[in-house]
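Here the structure is laid out as C-alpha coordinates; the discussion comes afterwards.
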Amino acid sequence: MLRRVAEIVITVAFVAYVGYAVSKRWAEVRTVIGDLSAAAIVLSLLGALVAVWFSFLSWRVLLADFGSQVPLAGAMRIFFVGQLGKYLPGKVWPVLTQMRLGKAYQVPGRSSAAAVLITMFISLGTGLLLTAVVLPVLGGQAWDDYWWTLLTVPVAVVVLLPPVLNRLLALAMRLARRDPMPKPLSARAIGLAVFWSVASWVCFGAHLWALLLDLGAGGSDLIVKSVAAYAGAWSIGFLLAIAPAGLGPRETALVVLLAGSVTEPVALVAALVSRLLITVADLFWPAVALLGNRRQRRPIVTAPDIDTVPDPAQPAAPAAPAAP
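Here the sequence shown is numbered in full-length UniProt numbering, starting from 1 and rising by one per residue.
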(Lines of atoms letter the chains of each structure in order from A and count residues from 1; the text may use other names and numbers.)
(Lines give C-alpha, C1' and ligand atoms only; values in the text may rest on other atoms or scores of the structure.)
Protein backbone atom coordinates (compact mmCIF):
# COMPACT_ATOMS: atom_id res chain seq x y z
CA MET A 1 0.00 0.00 0.00
CA LEU A 2 2.78 2.43 0.93
CA ARG A 3 4.65 1.64 -2.31
CA ARG A 4 1.51 2.30 -4.38
CA VAL A 5 1.00 5.67 -2.68
CA ALA A 6 4.66 6.55 -3.34
CA GLU A 7 4.26 5.63 -7.02
CA ILE A 8 1.21 7.86 -7.36
CA VAL A 9 2.84 10.79 -5.55
CA ILE A 10 6.06 10.64 -7.59
CA THR A 11 4.15 10.21 -10.86
CA VAL A 12 2.02 13.26 -10.06
CA ALA A 13 5.17 15.21 -9.18
CA PHE A 14 6.83 14.43 -12.52
CA VAL A 15 3.66 15.21 -14.49
CA ALA A 16 3.27 18.44 -12.54
CA TYR A 17 6.86 19.37 -13.37
CA VAL A 18 6.26 18.82 -17.09
CA GLY A 19 3.01 20.78 -16.85
CA TYR A 20 4.79 23.64 -15.09
CA ALA A 21 7.53 23.69 -17.75
CA VAL A 22 4.91 23.88 -20.50
CA SER A 23 2.88 26.58 -18.76
CA LYS A 24 6.00 28.66 -18.11
CA ARG A 25 6.82 28.71 -21.83
CA TRP A 26 3.23 28.44 -23.07
CA ALA A 27 3.42 31.38 -25.48
CA GLU A 28 6.41 29.81 -27.24
CA VAL A 29 5.04 26.26 -26.96
CA ARG A 30 1.74 27.30 -28.55
CA THR A 31 3.60 28.86 -31.47
CA VAL A 32 5.72 25.73 -31.93
CA ILE A 33 2.68 23.44 -31.85
CA GLY A 34 1.14 25.53 -34.61
CA ASP A 35 4.21 24.85 -36.77
CA LEU A 36 3.60 21.08 -36.79
CA SER A 37 2.28 19.80 -40.10
CA ALA A 38 -0.12 16.91 -40.63
CA ALA A 39 2.49 15.15 -42.80
CA ALA A 40 5.03 15.18 -39.95
CA ILE A 41 2.48 13.80 -37.50
CA VAL A 42 1.54 10.99 -39.91
CA LEU A 43 5.20 10.11 -40.55
CA SER A 44 5.95 10.19 -36.83
CA LEU A 45 2.97 7.93 -36.08
CA LEU A 46 4.09 5.51 -38.80
CA GLY A 47 7.54 5.33 -37.19
CA ALA A 48 5.95 4.61 -33.81
CA LEU A 49 3.72 1.86 -35.26
CA VAL A 50 6.67 0.11 -36.93
CA ALA A 51 8.77 0.46 -33.77
CA VAL A 52 6.11 -1.21 -31.62
CA TRP A 53 5.79 -3.99 -34.23
CA PHE A 54 9.54 -4.64 -34.10
CA SER A 55 9.29 -4.91 -30.30
CA PHE A 56 6.67 -7.60 -30.86
CA LEU A 57 9.01 -9.48 -33.20
CA SER A 58 11.76 -9.38 -30.57
CA TRP A 59 9.39 -10.96 -28.01
CA ARG A 60 8.05 -13.54 -30.46
CA VAL A 61 11.54 -14.81 -31.28
CA LEU A 62 12.17 -15.54 -27.60
CA LEU A 63 8.79 -17.18 -27.02
CA ALA A 64 9.28 -19.45 -30.04
CA ASP A 65 12.76 -20.42 -28.85
CA PHE A 66 11.24 -21.55 -25.56
CA GLY A 67 9.18 -24.00 -27.62
CA SER A 68 5.86 -22.12 -27.85
CA GLN A 69 4.99 -21.72 -31.52
CA VAL A 70 1.91 -19.48 -31.39
CA PRO A 71 0.06 -18.45 -34.60
CA LEU A 72 0.52 -14.82 -35.60
CA ALA A 73 -2.99 -13.73 -34.58
CA GLY A 74 -2.64 -15.39 -31.19
CA ALA A 75 0.85 -14.00 -30.61
CA MET A 76 -0.38 -10.49 -31.43
CA ARG A 77 -3.23 -10.87 -28.96
CA ILE A 78 -0.93 -12.08 -26.18
CA PHE A 79 1.72 -9.39 -26.67
CA PHE A 80 -0.20 -6.27 -27.68
CA VAL A 81 -3.15 -6.70 -25.32
CA GLY A 82 -0.77 -7.73 -22.55
CA GLN A 83 1.35 -4.62 -23.10
CA LEU A 84 -1.58 -2.41 -22.14
CA GLY A 85 -0.78 -3.43 -18.58
CA LYS A 86 2.21 -1.09 -18.64
CA TYR A 87 -0.19 1.82 -18.27
CA LEU A 88 -0.90 0.64 -14.73
CA PRO A 89 1.52 1.51 -11.90
CA GLY A 90 4.23 -1.12 -11.49
CA LYS A 91 6.05 -3.36 -13.96
CA VAL A 92 4.28 -6.63 -13.14
CA TRP A 93 1.01 -6.11 -15.01
CA PRO A 94 2.25 -6.83 -18.56
CA VAL A 95 3.82 -10.04 -17.25
CA LEU A 96 0.69 -11.23 -15.45
CA THR A 97 -1.58 -10.31 -18.37
CA GLN A 98 0.56 -12.11 -20.93
CA MET A 99 0.73 -15.19 -18.71
CA ARG A 100 -3.06 -15.25 -18.53
CA LEU A 101 -3.57 -14.69 -22.26
CA GLY A 102 -0.93 -17.27 -23.15
CA LYS A 103 -2.86 -20.05 -21.40
CA ALA A 104 -5.40 -20.01 -24.24
CA TYR A 105 -2.60 -21.07 -26.59
CA GLN A 106 -1.01 -23.65 -24.26
CA VAL A 107 1.95 -21.39 -23.49
CA PRO A 108 3.49 -22.33 -20.12
CA GLY A 109 3.27 -19.49 -17.63
CA ARG A 110 7.01 -19.55 -17.01
CA SER A 111 7.66 -19.18 -20.77
CA SER A 112 5.31 -16.18 -21.02
CA ALA A 113 6.89 -14.50 -18.00
CA ALA A 114 10.46 -15.19 -19.12
CA ALA A 115 9.82 -13.98 -22.69
CA VAL A 116 8.31 -10.64 -21.67
CA LEU A 117 10.88 -9.99 -18.92
CA ILE A 118 13.82 -10.78 -21.21
CA THR A 119 12.29 -8.59 -23.93
CA MET A 120 12.11 -5.71 -21.44
CA PHE A 121 15.69 -6.33 -20.39
CA ILE A 122 16.94 -6.46 -23.99
CA SER A 123 15.10 -3.21 -24.74
CA LEU A 124 16.70 -1.64 -21.69
CA GLY A 125 20.18 -2.96 -22.51
CA THR A 126 20.15 -1.91 -26.16
CA GLY A 127 18.57 1.44 -25.27
CA LEU A 128 21.27 2.19 -22.72
CA LEU A 129 23.98 1.07 -25.14
CA LEU A 130 22.73 3.42 -27.87
CA THR A 131 22.53 6.25 -25.33
CA ALA A 132 26.04 5.54 -24.04
CA VAL A 133 27.50 5.78 -27.53
CA VAL A 134 25.94 9.18 -28.25
CA LEU A 135 25.60 10.71 -24.76
CA PRO A 136 28.90 12.65 -24.92
CA VAL A 137 27.77 14.46 -28.09
CA LEU A 138 24.22 15.25 -27.00
CA GLY A 139 25.50 18.36 -25.24
CA GLY A 140 23.64 20.47 -22.73
CA GLN A 141 22.93 18.83 -19.37
CA ALA A 142 22.71 15.33 -20.84
CA TRP A 143 26.11 14.18 -19.59
CA ASP A 144 25.86 15.94 -16.21
CA ASP A 145 22.42 14.52 -15.41
CA TYR A 146 22.57 11.03 -16.90
CA TRP A 147 26.22 9.91 -16.95
CA TRP A 148 25.25 7.15 -14.50
CA THR A 149 23.40 5.29 -17.26
CA LEU A 150 26.80 4.23 -18.61
CA LEU A 151 27.41 2.14 -15.49
CA THR A 152 24.53 -0.17 -16.38
CA VAL A 153 25.80 -1.03 -19.87
CA PRO A 154 28.48 -3.60 -18.87
CA VAL A 155 25.96 -5.37 -16.64
CA ALA A 156 23.43 -5.55 -19.47
CA VAL A 157 26.00 -6.89 -21.94
CA VAL A 158 27.20 -9.62 -19.56
CA VAL A 159 23.70 -10.72 -18.58
CA LEU A 160 22.68 -11.07 -22.25
CA LEU A 161 25.40 -13.65 -22.91
CA PRO A 162 23.53 -16.96 -23.51
CA PRO A 163 25.34 -19.03 -20.82
CA VAL A 164 24.84 -16.29 -18.20
CA LEU A 165 21.22 -15.61 -19.14
CA ASN A 166 20.25 -19.30 -19.11
CA ARG A 167 21.91 -19.85 -15.72
CA LEU A 168 20.07 -16.85 -14.29
CA LEU A 169 16.78 -18.22 -15.64
CA ALA A 170 17.49 -21.64 -14.11
CA LEU A 171 18.32 -20.00 -10.77
CA ALA A 172 15.15 -17.92 -10.89
CA MET A 173 13.04 -21.04 -11.52
CA ARG A 174 14.63 -22.84 -8.58
CA LEU A 175 14.14 -19.89 -6.24
CA ALA A 176 10.51 -19.59 -7.34
CA ARG A 177 10.10 -23.37 -6.92
CA ARG A 178 8.89 -23.70 -10.49
CA ASP A 179 9.62 -26.27 -13.14
CA PRO A 180 12.72 -25.58 -15.27
CA MET A 181 12.33 -23.72 -18.55
CA PRO A 182 11.18 -26.00 -21.42
CA LYS A 183 14.53 -25.41 -23.14
CA PRO A 184 17.43 -22.95 -22.83
CA LEU A 185 17.57 -19.90 -25.05
CA SER A 186 19.87 -20.21 -28.04
CA ALA A 187 22.47 -17.63 -29.06
CA ARG A 188 20.60 -17.25 -32.37
CA ALA A 189 17.33 -16.32 -30.64
CA ILE A 190 19.02 -13.80 -28.34
CA GLY A 191 20.86 -12.30 -31.31
CA LEU A 192 17.64 -11.95 -33.31
CA ALA A 193 15.84 -10.42 -30.33
CA VAL A 194 18.66 -7.87 -29.95
CA PHE A 195 18.51 -7.13 -33.69
CA TRP A 196 14.75 -6.42 -33.61
CA SER A 197 15.20 -4.35 -30.45
CA VAL A 198 17.83 -2.14 -32.11
CA ALA A 199 15.57 -1.83 -35.19
CA SER A 200 12.77 -0.75 -32.85
CA TRP A 201 14.95 1.99 -31.33
CA VAL A 202 15.91 3.23 -34.80
CA CYS A 203 12.21 3.55 -35.69
CA PHE A 204 11.40 5.26 -32.40
CA GLY A 205 14.23 7.67 -33.15
CA ALA A 206 12.82 8.27 -36.63
CA HIS A 207 9.43 8.94 -35.02
CA LEU A 208 11.03 11.68 -32.88
CA TRP A 209 13.22 12.95 -35.73
CA ALA A 210 10.16 13.57 -37.96
CA LEU A 211 8.71 15.86 -35.29
CA LEU A 212 11.96 17.72 -34.58
CA LEU A 213 12.70 18.22 -38.26
CA ASP A 214 9.25 19.69 -38.87
CA LEU A 215 9.71 22.00 -35.88
CA GLY A 216 12.80 23.56 -37.42
CA ALA A 217 15.61 21.49 -35.93
CA GLY A 218 18.41 20.55 -38.28
CA GLY A 219 21.85 19.08 -38.61
CA SER A 220 23.22 15.97 -40.28
CA ASP A 221 23.44 14.19 -36.92
CA LEU A 222 19.86 14.96 -35.83
CA ILE A 223 18.62 11.43 -36.60
CA VAL A 224 21.44 9.91 -34.52
CA LYS A 225 20.70 12.25 -31.63
CA SER A 226 16.98 11.48 -31.92
CA VAL A 227 17.57 7.73 -31.65
CA ALA A 228 19.88 8.14 -28.65
CA ALA A 229 17.63 10.70 -26.92
CA TYR A 230 14.50 8.59 -27.22
CA ALA A 231 16.25 5.35 -26.24
CA GLY A 232 17.84 7.10 -23.26
CA ALA A 233 14.59 8.74 -22.15
CA TRP A 234 12.72 5.42 -22.32
CA SER A 235 15.47 3.61 -20.43
CA ILE A 236 15.60 6.26 -17.71
CA GLY A 237 11.83 6.12 -17.33
CA PHE A 238 12.02 2.33 -17.07
CA LEU A 239 14.86 2.33 -14.54
CA LEU A 240 12.93 4.65 -12.25
CA ALA A 241 10.27 1.89 -12.19
CA ILE A 242 7.68 4.25 -10.76
CA ALA A 243 5.33 5.85 -13.23
CA PRO A 244 3.09 3.79 -15.52
CA ALA A 245 4.64 3.57 -19.01
CA GLY A 246 7.36 5.98 -17.83
CA LEU A 247 4.88 8.86 -17.77
CA GLY A 248 6.61 12.02 -16.55
CA PRO A 249 10.20 10.79 -16.11
CA ARG A 250 10.47 9.92 -19.81
CA GLU A 251 9.31 13.36 -20.94
CA THR A 252 11.56 15.09 -18.42
CA ALA A 253 14.59 13.07 -19.54
CA LEU A 254 13.78 13.64 -23.22
CA VAL A 255 13.73 17.42 -22.76
CA VAL A 256 17.10 17.29 -20.97
CA LEU A 257 18.68 14.95 -23.54
CA LEU A 258 17.53 17.20 -26.39
CA ALA A 259 18.56 20.44 -24.66
CA GLY A 260 21.88 20.64 -26.52
CA SER A 261 20.26 20.09 -29.92
CA VAL A 262 17.01 22.10 -29.90
CA THR A 263 15.36 24.89 -27.95
CA GLU A 264 13.35 24.06 -24.84
CA PRO A 265 9.92 24.83 -26.39
CA VAL A 266 10.71 22.54 -29.33
CA ALA A 267 11.87 19.78 -26.98
CA LEU A 268 8.73 20.15 -24.85
CA VAL A 269 6.39 19.98 -27.83
CA ALA A 270 8.26 17.02 -29.31
CA ALA A 271 8.11 15.16 -25.98
CA LEU A 272 4.38 15.76 -25.50
CA VAL A 273 3.38 14.94 -29.09
CA SER A 274 5.62 11.88 -28.99
CA ARG A 275 3.83 10.64 -25.88
CA LEU A 276 0.45 11.12 -27.57
CA LEU A 277 1.48 9.28 -30.74
CA ILE A 278 3.11 6.40 -28.84
CA THR A 279 -0.13 5.98 -26.89
CA VAL A 280 -2.06 5.85 -30.17
CA ALA A 281 0.33 3.17 -31.45
CA ASP A 282 -0.03 1.21 -28.20
CA LEU A 283 -3.82 1.23 -28.69
CA PHE A 284 -3.78 0.59 -32.45
CA TRP A 285 -2.02 -2.78 -32.37
CA PRO A 286 -4.24 -4.34 -29.66
CA ALA A 287 -7.28 -3.23 -31.67
CA VAL A 288 -5.86 -4.93 -34.77
CA ALA A 289 -5.05 -8.06 -32.75
CA LEU A 290 -8.53 -8.30 -31.25
CA LEU A 291 -10.21 -7.64 -34.60
CA GLY A 292 -8.11 -10.32 -36.29
CA ASN A 293 -8.83 -12.77 -33.48
CA ARG A 294 -12.56 -12.09 -33.76
CA ARG A 295 -12.57 -12.73 -37.50
CA GLN A 296 -10.59 -15.91 -37.02
CA ARG A 297 -13.22 -17.25 -34.62
CA ARG A 298 -16.18 -16.27 -36.82
CA PRO A 299 -17.93 -19.41 -38.16
CA ILE A 300 -17.58 -19.98 -41.89
CA VAL A 301 -20.87 -20.53 -43.73
CA THR A 302 -20.39 -22.51 -46.94
CA ALA A 303 -22.78 -22.40 -49.88
CA PRO A 304 -24.51 -25.69 -50.69
CA ASP A 305 -23.13 -27.73 -53.54
CA ILE A 306 -25.02 -26.72 -56.68
CA ASP A 307 -25.12 -30.33 -57.85
CA THR A 308 -27.09 -31.36 -54.74
CA VAL A 309 -29.75 -28.63 -54.97
CA PRO A 310 -32.91 -29.93 -56.69
CA ASP A 311 -34.06 -28.05 -59.77
CA PRO A 312 -37.68 -26.95 -59.25
CA ALA A 313 -38.27 -27.22 -63.03
CA GLN A 314 -37.53 -30.97 -62.99
CA PRO A 315 -40.17 -33.46 -61.78
CA ALA A 316 -39.41 -35.09 -58.47
CA ALA A 317 -38.11 -38.64 -58.61
CA PRO A 318 -40.75 -41.23 -57.67
CA ALA A 319 -40.46 -42.54 -54.14
CA ALA A 320 -39.21 -46.08 -53.70
CA PRO A 321 -42.02 -48.58 -53.01
CA ALA A 322 -42.38 -49.56 -49.41
CA ALA A 323 -41.26 -53.02 -48.42
CA PRO A 324 -44.17 -55.53 -47.99
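Glycine included, C-beta positions come from ideal geometry on N, C-alpha and C. What you are looking at is a predicted structure, and each value in this text was computed from that prediction instead of being measured.
Can you tell me whether residue i is helix, strand or coil according to DSSP?
i           : result
M181        : coil
residue 333 : What is shown of the chain runs 1 to 324, which leaves residue 333 out entirely.
Y17         : Any reading at Y17 must be qualified, since the residue scores a pLDDT of 49, below 50, and its modelled position is unreliable; the value itself is stated next. Note: Y17 maps to helix in three-state DSSP.
G85         : helix
D35         : helix
residue 326 : Only positions 1 to 324 of the chain appear in the structure, and residue 326 is not among them; the question remains open.
A231        : helix
P108        : coil
L43         : helix
G74         : helix
L212        : helix
E28         : Low per-residue confidence applies at E28: pLDDT is 49, beneath 50, and the placement is therefore not dependable, though the value from the model is reported in the following sentence. In this structure, E28 counts as helix in the three-state DSSP scheme.
Please work out which residues of its chain come closer than 8 Å, Cβ to Cβ, to residue i, disregarding the five sequence neighbours upstream and downstream, and give them in chain order.
i    : result
W234 : S123, G127, F204, G246, R250
I223 : G205, A206, W209
Determine the closest residue to residue i out of the options, with distance taken between C-alpha atoms.
i           : options                : result
F54         : S274, L272, V194       : V194
A156        : L101, I190, D179, A172 : I190
residue 329 : S220, A142, A217, G260 : Nothing about residue 329 can be reported from this structure: the residues present for the chain run from 1 to 324 only.
residue 334 : S44, F56, L291         : Because the chain spans 1 through 324 in this model, residue 334 falls outside it and cannot be assessed.
M76         : A104, F66, L88         : A104
A39         : L215, S261, G237       : L215
W148        : R174, R188, A172, I236 : I236
A217        : R174, S261, V227, L239 : S261
R188        : L101, L169, P163, L175 : P163
If you drop the 5 nearest sequence neighbours on each side, which residues of the same chain put their C-beta closer than 6 Å to that of residue i?
i    : result
L258 : A229, A267
V153 : L128, L129, A132
R178 : R110
I118 : L62
I85  : The displayed chain sequence assigns Gly, not Ile, to residue 85. Closer than 6 Å at Cβ, skipping near neighbours: W93, P94, T97.
I41  : none
G74  : Y105
L150 : A132
Under 8 Å by Cβ, that's how I've got residue i and residue j pegged, so tell me the actual separation to the nearest angstrom.
i    : j    : result
S200 : S58  : 7 Å
V273 : L36  : 7 Å
F80  : P286 : 4 Å
L88  : V280 : Actually they do not touch by this definition, with Cβ atoms about 19 Å apart.
Leaving aside the five residues before and after residue i along the sequence, list all residues of the same chain whose C-beta is less than 7 Å from its C-beta, in chain order.
i    : result
N166 : P184, L185
T308 : Its pLDDT being 46, under 50, T308 is placed unreliably by the model, and nothing is read from it.
### Message
Three Cβ pairs or more, each shorter than 8 Å: is that satisfied between the stretch 101 to 117 and the stretch 203 to 214?
### Response
no
### Query
Below 8 Å, can you find three or more Cβ-Cβ pairs linking the stretch 35 to 51 to the stretch 65 to 78?
no
### Message
So, does the stretch 112 to 122 touch the stretch 55 to 63, judging by three or more C-beta pairs under 8 Å?
### Response
yes
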